[in-house]
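Trainee:
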Amino acid sequence: MYKPDGIPGLLTYLETGMSLAMTETVNSPAGPLFLNGTATLIVDWGDGERSINVTDPGAAYPDGRLTHHYPNSGDYTITVTANWLITWQLAGTTGVIPIQTTGTLPDFPVRELRAVARQITR
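Under my numbering, the residues of the sequence shown are numbered 546 to 667, in order.
(1) Shortest alpha-carbon distance to E657 belongs to which of Y615, I623, R663 and G648?
(2) How long is the line joining the alpha carbons of L611 and L559, rounded to whole angstroms?
(3) Run through DSSP, which three-state label would G619 get?
(4) Is the segment 636-648 touching the segment 592-609, taking contact as three or more C-beta pairs under 8 angstroms?
(5) Hey, quick one: how far does the beta strand (DSSP E) through V641 stretch, first residue to last?
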């Protein structure tokens with residue numbers, strides 16, 4: 546599996562691949578159960594920095610807005626926590642269910658780039 550590297554001093558773009566909203570209708574013996582939910586993210590970048598109340602699931606460069614600056618080379622475990630609030634409605638009754646899910650990207654490599662120049666002879 547391809548695992549891209551981050552580069553110290555440049556923005557790293559995170560793409561979670563998830564939707565932060567959901568709408569679902571489930572048939573039940575009591576009638577239709579309506580579910581609507583939204584999530585906010587907490588991103589622990591693995592270097593002591595966190596992004597909280599994130600409402601963007603991220604995207605690849607150059608469109609992504611979920612970014613982080615790693616100042617040093619290293620291997621970082623990125624943890625993304627989604628805090629969901631699911632509103633439900635069934636047979637005239639409503640409620641809210643909080644749900645938390647977590648995913649990790651272990652050992653994300655952040656490495657320096659080095660340019661090597663050599664003389665070209667003709």
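By construction, the Cβ of each residue, glycine as well, lies at the ideal position given by its N, Cα and C atoms.
Mentor: In terms of the structure at hand:
(1) Y615
(2) 6 angstroms
(3) strand
(4) no
(5) T638 to V655
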